[in-house]
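Q: Let me give you the structure first, and then I'll get to my questions.
Numbering (this note's numbering), first residue to last: 950 to 1118.
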C-alpha cells in the first residue's frame, strides 16, 4: 500500500497466491537502471529456504524475476542498492545482482549480525571477524567465481560480533 494525501491507503501490488507462508518481506522503492527502467520497484518474499522476487510497475502489475534458493533457512532479506541480499546465521549469504541478473550463494563464517552502508554489506560473525562485500561491484574471485568477501576486522580474543551499526560519511 501507499499513502495518497487525499485518498488514504491504496493497494499497489498483490502477489499471485503462494503455496507457502511468507515469513520475510523486503521492498526496494527505487531501482535505477533496472529491468523495467528507472521507475522500478522490487519486492521480495521469503519462506524457509526460498525467496521470490518481483519487479513492480506503476500500474500495479508485477513481473516475477525469479525464485531463488539459499539452501538453508532465510533469516533476513533486504536490499543494498539494487542488490537483494539473503542471510542465514548458518554462514550463508545469497546476493541477486540487478545488473547481471545473477544469483550467487556464498559460504562464510556463521553470521551473528549485519548492516549495510552505502554499497557495502558488513557481516559480524561468531569468530570475532567483521567481513564486507561491495555488492554494487559484485566482485567475484577469478579462480573459483566465489564472491569476494574481505575480512575488515578480527577481534584478537575471537569474541562474536553480535551487533553492527555503520554510518559512512
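Where is the CB? At the ideal position from N, CA and C, for every residue including glycine.
Between residue 1114 and residue 1101, what straight-line distance do the alpha-carbon atoms span, to the nearest angstrom?
A: Counting only the Cα atoms, residue 1101 lies some 14 Å from residue 1114.
Q: With a threshold of 7 Å, establish whether the CB of residue 960 neighbours any heavy atom of the ligand GDP.
A: Of the ligands one can find in the structure shown there are none, so the ligand GDP has no counterpart to examine.
Q: What residues in its chain sit with their C-beta under 6 Å from that of residue 1014, if we drop five residues either side in the sequence?
A: 1002 and 1004
Q: Can you find the residues in the same chain that come closer than 8 Å, C-beta to C-beta, to residue 1038, ignoring five residues on each side of it along the sequence?
A: 1024, 1059, 1060 and 1061
Q: Along the chain, where does the beta strand (DSSP E) that runs through residue 1103 open and close?
A: 1099-1103
Q: Note down the Cα distance separating residue 1086 from residue 960, rounded to an integer number of angstroms.
A: 34 Å
Q: Could you compute how far the alpha carbon of residue 977 sits from the alpha carbon of residue 1079?
A: 25 Å
Q: Classify residue 997: buried if its beta carbon has 16 or more other beta carbons within 10 angstroms, exposed otherwise.
A: exposed
Q: Helix, strand or coil: which one does DSSP assign to residue 1036?
A: In the structure shown, residue 1036 sits in a strand (DSSP, three-state: E or B).
Q: Roughly how many whole angstroms lie between the Cα atoms of residue 1022 and residue 1048?
A: 26 Å
Q: Shortest alpha-carbon distance to residue 1054 belongs to which of 968, 1098, 1029 and 1065?
A: With distances taken between Cα atoms, residue 1054 lies closest to 1098.
Q: Who are residue 996's beta bridge partners in DSSP?
A: 999
Q: Tell whether a beta-carbon distance below 8 Å holds between residue 1000 and residue 1017.
A: yes
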